[in-house]
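**Q** In terms of UniProt numbering, the sequence shown is residues 1 to 690.
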Amino acid sequence: MSKPSVLILGGVGVVGRFLLAHILKNDLASGVRVVDKALPQTSYLDEAAEKAFQNPLPSAVKGPFAANALFTASIKRCFTRENGEEFDYVFNFAQETKYSQSDEIYKERVVTLTSLCAQEAASRGVKVFVHLSTGEIYDADKEKSTEDSKVKPWTLLAKYKLQAEEELEKMSNLDVVILRPAMLYGPGAMLGITPRLIIGRVYKELQEEMKFLWIKDLRINTVHVLDVALASWQVADWYVQQGKSRAGDGVILFNLCDKSDTNQETINEHIRSLFGIETGFHGTVISNFARLNLESVTEDINEKHVKPWGDLLAKAGITSSPLTPFLDKELLYNNALSIDGTKIERVVGYQYQRPYVTRENLQEIIDNYQAIGQLISMGFPEVRVQKAWKATNGAGLQPAMDWLLAHSDDPNIDDPIPPQHSGGKLTAPSVVGQAQSAGSQEGKCEQTAQSLKCDDCGKLFRDAAGAERHAMRTEHTNFSESTMAIKPLTEEEKAQKLKELKEKLAAKRAERELLEKEEEKSKEKVRRKTGQEMAAIKEKIEQEEMRKTLEAKRREKAEDKAAKERVLAQIAADRAERAARQAAQKQGKPYDPETATTTTPAAPKVAAPKKDYTETRIQIRLDRGAPLTQVFKTDDTLSAVHDYVASQRGDSSFKLSSNFPRKLFREEDMSKTLKELNLVPSAALLIVPQ
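Structure representation (structure tokens):
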């Protein structure tokens, strides 16, 4: 069987780079094309990804990738190969992944982009289109969500991811597999667990306890980026070989989730181990108060974390870092991410390579950044550090330091790192290049690129960072490598550039100070409003407690009054009985209680309480020991009281009686309710052993 040709949309992203490295390392494809809006030089690639992108990238596709509303021309050229053949496998990772974006951005960069890429793939008859969605589309339930569970997106991004899935399901002529991963983590993953790790480092610096909202059992299930990449390839192979026959007219879905059943405490446990700090949780009461004004709370949280993190970077001499402790508001909701990822094991036979979240897995995320930061903090310029890191293939701190010392006198040691390959910055995916598999020699470059050129305006740039800034400022989208060298600036030109830069910085500083003042005013308004709302809530709670207290006192008085009236009535009945007994003795007649009951004047009736009680408090006086007191429903039968007493005594051979009025309850009374027996709102019963 011939090897498939592969197109990776969004291939510079964290999943795409792992997939590319896997394909090239194992020689799985006849050809690979990587497409992304980001440049590899500015994407903070790790060692494996660096090696993958250092493969020959010939035949870079160039052309009018216009950033129009529908990206149609750009996408068509991404799929077009010079040999006229079509790609076999298409992996779609080219979607917006950031939280807290607008509806317009999500609609354009998730739904529209996915739909157009899928339509192009369908029109070309690709063998399989693997689409990466998210597990956040499931209802935030405590139970694990399977592929058939209810969908109820709880982030705005997930809402549009679900819409993208629905668009794919409409395409009957597209062979598609959808993957729904849990929270991604691993090297290069800037979201998910990584911000929590950074926050842990911040709290180590602050020497404070790190506490998150809600409780420790809140599930945030995870999956390693390596498993997402490897599962994507294996499911594509499976679908082409046997899965297509099972699909029928439907779309095949697979969840991706490791076996850790990760929750907040799982992550905190590793953070404690990594940074030696105390961790905890605010609990539901405080968290529910925070939920009332979550936007302001999130702002305060990020404000607390961002400044210390900036100070740590400055202390290490790091001027730019992709790592941030910033937390999005949507990720602070009390929503469980609980996913069952076992179907892909049963059906496809995939085995998770990182089945559990371990301390080593989390340490791996920060090791490369930490080593580079240490070199910069020692005083080595950032350009030299980057060169050393690349030259030693990220082997570690000591090899990089040895390289720096050995090459400190090189004449070009401080020159900018030249770009490795062509690329472009696009609103839609731009073509980075086409990586041929081992043995292919087609299209190798004969001349060394000296600069990057903007094909829209002709401007040259020394490095990809300059091209990236130009693309963001002008929205130009077409870039290529150029053999033209950029002349160095003269002293006068340098002075002029420095002057312009200082003026821009001063203007930016003034603008920032003005914005900070406005933000401070806005925050103060929010704080005041929050304080007023909290005061109003507190007052309302106090009023409700006062109302309940007064109601309880009124009920207690009514119960006491009713009890007194029953006592008086019983006293009158007892007097009447004694009088009847004495009268019978004087007349020399035997005393008959039954006759006395009919002839004795009835005790004055006590008006029943006006309130319709739902509960009654029953005190049971035992034949030995302290009495029992229990609250029953007024609709409970007397047998429920009897059963309760029997469970407490361990013996059911007794009857119940009351003193006021005096009565021995018989078997027929057992089925009557406490309300019918006038044992509300309270009563005292006696135990009569049998």
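Every residue, glycine too, gets a C-beta built ideally from N, C-alpha and C.
1. Is there contact here, the region 183-196 with the region 151-166, by at least three beta-carbon pairs under 8 Å?
2. Looking at I687 and L622, is the spacing between their C-beta atoms short of 9 Å?
3. Where does Q241 fall in DSSP's three states?
4. Quick test of your reading: V357 and S260, contact by CB under 8 Å. State the CB separation rounded to the nearest angstrom.
5. If you follow the alpha helix (DSSP H) that P308 is in, where does it begin and where does it stop?
6. Near K159, which residues of its chain fall below 7 Å by C-beta distance, leaving aside the five closest residues on each side in sequence?
7. By DSSP's criteria, H131 is part of a beta bridge. Which residues make up the other side?
8. Please name the residue, chosen from I8, H22, D139, I199, that lies closest to V126 on a Cα-to-Cα basis.
9. Sort G84, E209, E82, N255 by Cα distance to I137 and report the nearest one.
10. With DSSP as the reference, label H22 as helix, strand or coil.
11. Counting along the chain, where does the alpha helix (DSSP H) carrying N268 start and finish?
12. In whole angstroms, give me the CA-to-CA distance for E209 and G283.
13. Determine the DSSP secondary structure at Y185, reduced to helix, strand or coil.
14. Use the C-beta contact count for C457: other C-beta atoms within 10 angstroms, 16 or more gives buried, fewer gives exposed.
15. In the DSSP assignment, the alpha helix (DSSP H) including L28 goes from what residue to what residue?
16. Taking a contact to mean a Cβ-Cβ separation below 9 Å, would you say I198 touches Q264 in this structure?
17. Using a 10 Å radius around the Cβ and a threshold of 16 neighbouring Cβ atoms, would you call G84 buried or exposed?
18. For S422, which three-state DSSP category applies?
19. Could you please give me the residues that DSSP links to residue 733 through a beta bridge?
20. Determine the contact status of V631 and S296, defining contact as a CB-CB distance below 9 Å.
21. Does the separation of the CB atoms of I340 and T155 fall below 9 Å?
22. Taking A118 as the reference, give the member of V228, E165, G531 with the closest Cα.
23. Roughly how many whole angstroms lie between the Cα atoms of L674 and C257?
24. To which residues of the same chain is T530 closer than 7 Å at the C-beta, ignoring the five residues directly before and after it?
25. Between which residues of its own chain and H224 is the CB-CB distance below 6 Å, once the five residues before and five after are set aside?
26. Taking three-plus beta-carbon pairs below 8 Å as touching, is the region 15-23 in contact with the region 227-245?
27. From which residue to which residue does the beta strand (DSSP E) around R662 run?
28. Using a Cβ-Cβ cutoff of less than 6 Å, which residues in the same chain neighbour L685 once the five nearest sequence positions on both sides are dropped?
29. Answer yes or no: do I252 and I220 have a C-beta to C-beta separation smaller than 9 Å?
30. Given a cut-off of 9 Å on the beta-carbon distance, is the pair F660 and R566 in contact?
31. Could you give the C-beta distance for Y106 and D328, rounded to a whole number, given that I count them as a contact under 8 Å?
32. Thinking just about the alpha-carbon of each residue, which of V12, R555, A140, L568 is nearest to the one in D612?
33. What's the gap between the Cα of A583 and the Cα of A646?
34. Looking only at its own chain, which residues have a Cβ that is under 6 Å from the Cβ of V177, when we skip the five neighbours before and after it?
35. Taking only three categories from DSSP, how would you classify H224?
36. Once DSSP output is grouped into helix, strand and coil, what is the label at N361?
**A** Let's see:
1. no
2. yes
3. helix
4. 5 Å
5. 294-315
6. P153
7. N92, I178
8. I8
9. N255
10. helix
11. 264-275
12. 15 Å
13. strand
14. exposed
15. Per DSSP, L28 belongs to no alpha helix (DSSP H) and is neither H nor E.
16. no
17. exposed
18. Any reading at S422 needs caution, since the residue's pLDDT is 36, under 50, leaving its predicted position unreliable; the model's value is listed next. In this structure, S422 counts as coil in the three-state DSSP scheme.
19. Here the chain covers residues 1 to 690 and nothing more, so residue 733 does not appear.
20. no
21. Looking at the sequence provided, one finds Asp at residue 340 rather than Ile. No.
22. E165
23. 55 Å
24. N293, S296
25. G186, R354
26. yes
27. 662-664
28. I620, L656, S658
29. no
30. yes
31. So it is not a contact: roughly 13 Å between Cβ atoms.
32. R555
33. 42 Å
34. V130, V235, Y239, I252
35. strand
36. helix
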